Structures are given as structure tokens and as C-alpha cells.
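Have a look at the structure below, then the notes.
In the working numbering, the protein residues as written are 161 to 444.
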């Protein structure tokens with residue numbers, strides 16, 4: 161197997177539908193996975209029309225082995241595997257990417273320096289310092305030379321930094337300006353808590369935050385670079401997602417629900433339905 165050019169190597173790359181939709185200006189959405197570790201949940205996500213699955217290591221007991229297996233299965237189904245790591249460290253970021261993730265979310269990025277660390281760990285040189293590896297899932301395990309594999313993977317991977325504090329909001333222009341950052345994801349749950357308005361998603365300050373992050377992203381989206389904005393914590397307020405996305409045309413990624421909340425709601429609905437039957441029989 162020979163690779164005389166980078167174009168001949170690209171044929172082994174697995175496409176990233178999340179990135180394609182975001183770049184096309186279309187709203188892309190992901191199902192978060194926190195409690196279901198079997199690969200069947202990925203089939204459900206695909207059948208439901210999701211673009212991506214977000215394997216949430218920040219808020220789940222999953223380890224890297226489970227994460228990597230889910231990532232590889234997602235690639236085979238045509239879903240973008242996203243991993244939210246629990247910490248801004250190379251051992252979490254680089255190993256999830258080596259294991260098949262095509263997008264990395266790092267929570268609580270509060271400064272440009274912290275954003276630069278994310279890029280350093282997530283991207284190969286010259287943008288970062290990610291350690292070269294062997295065959296990779298996103299290249300279908302082909303033995304592609306590093307001189308081609310590294311730039312191909314740099315282009316495939318989406319680097320997502322979460323804006324979740326007032327401090328991060330104050331420094332968002334500098335965070336957005338860090339080369340290698342692709343998406344600024346607003347974590348509305350933690351952000352509203354830090355603002356002193358926990359869970360008040362309809363508060364005008366939340367809309368102001370989206371406008372501010374959107375403006376910062378637009379400011380640096382020049383000379384071929386594009387930075388987008390994402391929604392986190394608004395899966396129960398899709399009316400706000402719709403409103404903010406119509407207002408800010410670069411807000412094109414949404415965390416659109418999670419397995420634990422969907423399961424809970426389905427079980428609650430089922431329990432309520434059978435209890436109504438029970439009450440009807442009792443009163444007959």
C-alpha cells in the first residue's frame with residue numbers, strides 16, 4: 161500500500177458529518193451518552209436522525225476502553241463521535257482522539273492560555289504537539305505515513321472549548337482568537353449558576369451571552385478560518401435554540417438531549433399510563 165500524495169491517503173479518511181453540516185451553515189445536533197454503554201444506543205441515535213453522539217466522560221462513569229469502542233462503532237455508522245473529556249490534559253485528550261473521536265469537547269475553558277492547551281494536546285504539529293501514533297480508526301486503520309496522516313487528522317478533528325463562566329465570557333475574544341479552536345460551546349447550566357441565576361435560561365443575560373460569544377467567533381472567522389458557536393444545556397428549551405440560532409447565523413451546533421433524560425421521561429410516561437389504568441379499574 162503506497163501513498164504517493166496526500167490525496168491518495170485521504171480516500172481512507174472517515175467523513176465527519178458534524179463538521180460538514182456546521183461548515184455548510186446547517187444546525188447539527190448530537191445525542192449525549194451518559195449511562196448506556198452498549199453499541200445499540202448508537203443505532204438508535206442513527207435511526208433518530210442525529211448527526212453525532214457525544215460520549216460524556218465529564219458526567220459519566222465510562223472509561224477510555226468503553227469510550228473508544230463507542231467511538232469506533234459511531235464511525236462505522238456514519239455518526240461523528242464526540243468526546244467530552246473530564247479535564248484539560250493530554251492523557252485524556254490525545255487518547256480519546258487516538259481511540260476514534262473526531263471531535264473533542266473540553267469543559268471550563270476560562271482563558272486563552274487554557275484554550276491554547278486544548279489545541280496543543282488535540283492537534284499535530286504545526287498547530288499543536290499531539291504525539292504521533294500508528295494506525296487510527298478515523299483513517300480506517302490504514303498505515304498512512306505521518307506526513308499525510310497528521311494533516312488529514314488535523315483537518316478532520318473538531319476542537320470545542322466550553323464557555324461556562326463569567327470569567328470565560330469576559331475573555332471570550334481572546335479564547336476565540338486561539339488558532340485551532342473550531343467551536344465555542346456555551347454551557348448554559350454552569351454559566352447561569354456562575355451568573356447567580358441557576359437554570360434561568362430565559363433570562364436576558366443568557367441571550368446577551370450568546371450574542372457576545374457569536375460576535376467573538378465572527379471577529380476571528382476570516383482568511384479561511386471559521387469559528388462556530390454551540391448550545392449546551394438547552395435541550396429542554398429548544399425554543400431558545402431556535403431563537404438564538406436564527407439571530408446568530410454562526411450558532412450551528414446543539415447538544416440535543418441525553419440518554420438518561422430520555423430514558424427517565426419514557427419510564428415516567430409509562431408509569432403514569434399504567435397508573436391511570438390501575439385507577440380506572442379500581443374505580444370501576
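We put the CB at the ideal spot given by N, CA and C, even for glycine. Computed from a predicted structure; not experimentally measured.
Roughly how far, in whole angstroms, is the beta-carbon of residue 255 from the beta-carbon of residue 340, given that I think they are within contact range, below 8 Å?
As a working note, residue 255 is residue 95 in the chain shown. As a working note, residue 340 is residue 180 in the chain shown. Contact doesn't hold; Cβ gap of about 19 Å is too wide.
For a quick check, are the C-beta atoms of residue 392 and residue 348 less than 8 Å apart?
On the chain shown, residue 392 is found 232 positions in, with the first residue counted as 1. On the chain shown, residue 348 is found 188 positions in, with the first residue counted as 1. Yes, they are a contact pair.
For the region 255 to 298, which segments carrying the beta strand (DSSP E) assignment without a break, of at least 3 residues, lie completely within its bounds, in sequence order?
263 to 266
Please look up how many angstroms separate the CB atoms of residue 388 and residue 182, rounded, as I've assumed it's under 8 Å.
The count along the chain shown starts at 1 and reaches residue 388 at position 228. The count along the chain shown starts at 1 and reaches residue 182 at position 22. Contact flag correct, Cβ pair sits at about 5 Å.
In the DSSP output, what is residue 423 paired with across the bridge?
To locate residue 423, count along the chain shown from 1; it is residue 263. Its beta-bridge partners do not exist; DSSP assigns none.
Kindly give me the distance between the Cβ atoms of residue 178 and residue 211, rounded to whole angstroms, as I take these residues to be in contact under 8 Å.
As a working note, residue 178 is residue 18 in the chain shown. As a working note, residue 211 is residue 51 in the chain shown. Contact flag correct, Cβ pair sits at about 5 Å.
Please list the segments of the beta strand (DSSP E) lying wholly inside the region 214 to 263, counting only runs of 3 or more residues, in order along the chain.
The beta strand (DSSP E) runs of length 3 or more contained entirely in the region 214 to 263 are, from start to end of the chain, 240 to 244.
Along the beta strand (DSSP E) that carries residue 391, what are the first and last residues, could you check?
Taking the chain shown and counting its residues from 1, the one referred to as residue 391 is at position 231. Residues 388 to 392.
Looking at the structure shown, is residue 343 part of a helix, part of a strand, or coil, going by DSSP?
The count along the chain shown starts at 1 and reaches residue 343 at position 183. Residue state, collapsed to three classes: strand.
DSSP on residue 417, reduced to helix/strand/coil?
Taking the chain shown and counting its residues from 1, one reaches residue 417 at position 257. Looking at residue 417 - three-state DSSP - the assignment turns out to be strand.
Got a sec: does the ligand ZN put a non-hydrogen atom nearer than 7 Å to the Cβ of residue 255?
Ligands in the displayed structure: none, and consequently the ligand ZN is not present.
By Cβ distance, which residues of its chain are closer than 8 Å to residue 408, with the 5 residues on each side in sequence left out?
The sequence position of residue 408 within the chain shown is 248, counting from 1. 370, 371, 374 and 389.
Rounded to a whole number of angstroms, what is the C-alpha to C-alpha distance between residue 355 and residue 330?
As a working note, residue 355 is residue 195 in the chain shown. As a working note, residue 330 is residue 170 in the chain shown. For residue 355 and residue 330, the distance between alpha carbons rounds to 12 Å.
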